[in-house]
Amino acid sequence: MEKPKFRNPVSYSAPFDSDSESDSDDALETQWPTPRPVPEEQRRRLARLVLEQRSPYDAYKETIKHISIAPITDAILRRHQEYRLEILRRKKAWQEERQRTIEKKTQQAEIIAANAALVLMDEQESLDNEVERRIKDQEKRIQAAIELARKVQQERATEEKAKAEKEKKEKERKEEEIRRQEAAEKERKERLSQSIATSAKGLEEYKEYFATIENFRANIKPLLKEPGFRKQCFEARRLIKRTIIQLQYKHEVIFEKYCILRDHLLNTKNQSMEAFHVMLNHTAKVFLLQARQEINATPFAAYFLGRFATLLCSSIPELSNYLIARLFKWCPYLIPQYHDDNPNLSHDEIRKLLRYEYDEDNKTFEPFLPYLERQKCFVMFFAALIQTVPDPGQPPNPFSISKGWIWLARTCNMPPREVSPALIQSFLEIAGKRMLQTYPHQFPKLLRVILGHIVPAIPLQHNHDNKADIARLEIYLKTFFETGELKSIPEAIEPKVK
Numbered sequence: 006m007e008k009p010k011f012r013n014p015v016s017y018s019a020p021f022d023s024d025s026e027s028d029s030d031d032a033l034e035t036q037w038p039t040p041r042p043v044p045e046e047q048r049r050r051l052a053r054l055v056l057e058q059r060s061p062y063d064a065y066k067e068t069i070k071h072i073s074i075a076p077i078t079d080a081i082l083r084r085h086q087e088y089r090l091e092i093l094r095r096k097k098a099w100q101e102e103r104q105r106t107i108e109k110k111t112q113q114a115e116i117i118a119a120n121a122a123l124v125l126m127d128e129q130e131s132l133d134n135e136v137e138r139r140i141k142d143q144e145k146r147i148q149a150a151i152e153l154a155r156k157v158q159q160e161r162a163t164e165e166k167a168k169a170e171k172e173k174k175e176k177e178r179k180e181e182e183i184r185r186q187e188a189a190e191k192e193r194k195e196r197l198s199q200s201i202a203t204s205a206k207g208l209e210e211y212k213e214y215f216a217t218i219e220n221f222r223a224n225i226k227p228l229l230k231e232p233g234f235r236k237q238c239f240e241a242r243r244l245i246k247r248t249i250i251q252l253q254y255k256h257e258v259i260f261e262k263y264c265i266l267r268d269h270l271l272n273t274k275n276q277s278m279e280a281f282h283v284m285l286n287h288t289a290k291v292f293l294l295q296a297r298q299e300i301n302a303t304p305f306a307a308y309f310l311g312r313f314a315t316l317l318c319s320s321i322p323e324l325s326n327y328l329i330a331r332l333f334k335w336c337p338y339l340i341p342q343y344h345d346d347n348p349n350l351s352h353d354e355i356r357k358l359l360r361y362e363y364d365e366d367n368k369t370f371e372p373f374l375p376y377l378e379r380q381k382c383f384v385m386f387f388a389a390l391i392q393t394v395p396d397p398g399q400p401p402n403p404f405s406i407s408k409g410w411i412w413l414a415r416t417c418n419m420p421p422r423e424v425s426p427a428l429i430q431s432f433l434e435i436a437g438k439r440m441l442q443t444y445p446h447q448f449p450k451l452l453r454v455i456l457g458h459i460v461p462a463i464p465l466q467h468n469h470d471n472k473a474d475i476a477r478l479e480i481y482l483k484t485f486f487e488t489g490e491l492k493s494i495p496e497a498i499e500p501k502v503k
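Okay, so the sequence shown: first residue is 6 according to this note's numbering, each after it adds one.
Below you can see the structure in the form of structure tokens.
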């Protein structure tokens, strides 16, 4: 084995491991005597060793051979023993102190742990109490919810029972109301069937027509409150009145105006269905206002107004309901309905239902003759509608001639009124020839009934304002039976013979 080489010829001692406050230098001073100076001879030998370049280990061995070690005395040993004992005592004291510190820290740790355990126990107890409280609250809420659900269920059952009873009573009430209404309707129909003032079937037909007006009032008319829609309708209505007032008896002019108004209405329909119905209602009103004005001035105007109306209604069927509904409303004699069989109605109320105009300034109704002239215009317009024969290539007339037969039959099946002679003759002067062509055998029989039974039964108006009408109707019918020809109002102005 290679010997260790020492680079430092001076001996080295590791520090003394001790817990005492003295360091290792003190221990060396105590253990070893103070080194003596190196003699000259020894220095020379060391120098030779250096010169001879021997290994440090060999040089160290050679050096220590000549070092004289002082003898260890009892005093030194005693001091050394005392030092060791002191070291051991200090070590023991340190260990005891350390043990006490450890025990103290352990005790403190145990106290902390105990306190922590107590705190934890307190927290756990508090948590347990909180959990128990929450459980109790939850149980209370569950119990309250159960009670509430039971209460709600009971209330619901009570409400359902009450609702069922209410529905049952309501159903019974409705059934009773329906039975009462059915009985009232049955009684009304029986009364109407026996009525001498209203045609039951005519009234039903009128209600069917008037349903269109009611729908217009409920769903379309409220839209006119909107400014934009009202402006749109106002602008579209201008052409209607202008076209109708420009009508004349020439068929080519009638067809030209018809095409203009038809296209205008259909164009409005494509833009807005609501505006279209507003235009139809307005057109019906303009027709009747124009009929009232023009037929009264020139009776033959009924022909071209009727022809124009039939053309328009054939192309736009929706217009028919508006036109007939308003015509029957303004002239209840076309239903016919006289309103004079109800004892609960006053004379003025009957006049109001018969569409007499009321003067707000004088607080009086218009006289009989102006009223009769207006009603004659509406009857003549109705007669013109049903008697119109379209020109070749034009659409068929939507108003059948049979409606004229039905109206005359219904009128003859009821006792005549003061207005009857004027209305019957006005109808015959417009539609009589066409009726005779359609019913060549039955119609003369009906005219015979009118002459023999209706005319003698016509009551005189209290001012005898209808006396002339009765006489004219009698002469008119007698002339027919004498000549076989019904006199009619010409469709156009007869040319003047020079």
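Cβ coordinates follow ideal geometry from the N, Cα and C atoms, glycine included.
A distance below 7 Å between beta-carbons, with the five flanking residues on each side excluded, links Ile245 to the following residues of its chain, in chain order: Leu266, Met284, His287, Thr288 and Val291. Counting C-beta pairs with one atom in each stretch, the stretch 405-416 and the stretch 431-446 have three or more that are closer than 8 Å, which means they touch.
Non-local C-beta neighbours of Glu323 in its own chain, meaning closer than 7 Å and more than five positions away in sequence, comprise Leu285, ordered along the chain. By the Cβ neighbour-count rule, Lys141 is exposed, with fewer than 16 other Cβ atoms within 10 Å of its own. Distances from the CA of His282 to each of Ala241, Ile77 and Val136 were compared; the closest alpha carbon is that of Ala241. Taking all protein chains in view, the Cβ of Ile116 is surrounded by fewer than 16 other Cβ atoms within 10 Å, so the residue is classified as exposed.
Out of Ala154, Leu229, Asp364 and Ala436, the CA that lies nearest to the CA of Tyr308 is found in Ala436. For the stretch 316-396, there is no continuous beta strand (DSSP E) assignment of 3+ residues that stays within its boundaries. Counting every other CB atom within 10 Å of its CB across the protein chains shown gives Pro337 a total of 16 or more, marking it as buried. When secondary structure is reduced to three states using DSSP, Thr203 falls in the strand class. The criterion of a C-beta distance shorter than 7 Å is satisfied by Val384 and Phe432. As the crow flies, the alpha-carbon of Pro42 is around 10 Å from that of Arg48. Between the alpha carbons of Lys212 and Leu413 lies a gap of roughly 20 Å.
Around Ile225, the same chain offers Glu279, His282 and Val283 as residues with beta carbons nearer than 7 Å, after the five sequence neighbours per side are excluded. Here Thr416 carries a helix assignment [DSSP, helix/strand/coil]. Here the alpha carbon of Val124 sits roughly 16 Å from the alpha carbon of Gln113.
In this structure the stretch 222-238 does not touch the stretch 352-365; the number of beta carbon pairs closer than 8 Å is below three. Your pair Gln447 and Tyr481 does not check out as a contact, with CB atoms roughly 19 Å apart and the cut at 8 Å. In this structure, DSSP gives Gly489 a state outside helix and strand, which the three-state scheme calls coil.
The DSSP-derived three-state label of Phe404 is coil. Residue environment: Cys264 is assigned as exposed (fewer than 16 neighbouring CB atoms within 10 Å of its CB, all protein chains considered).
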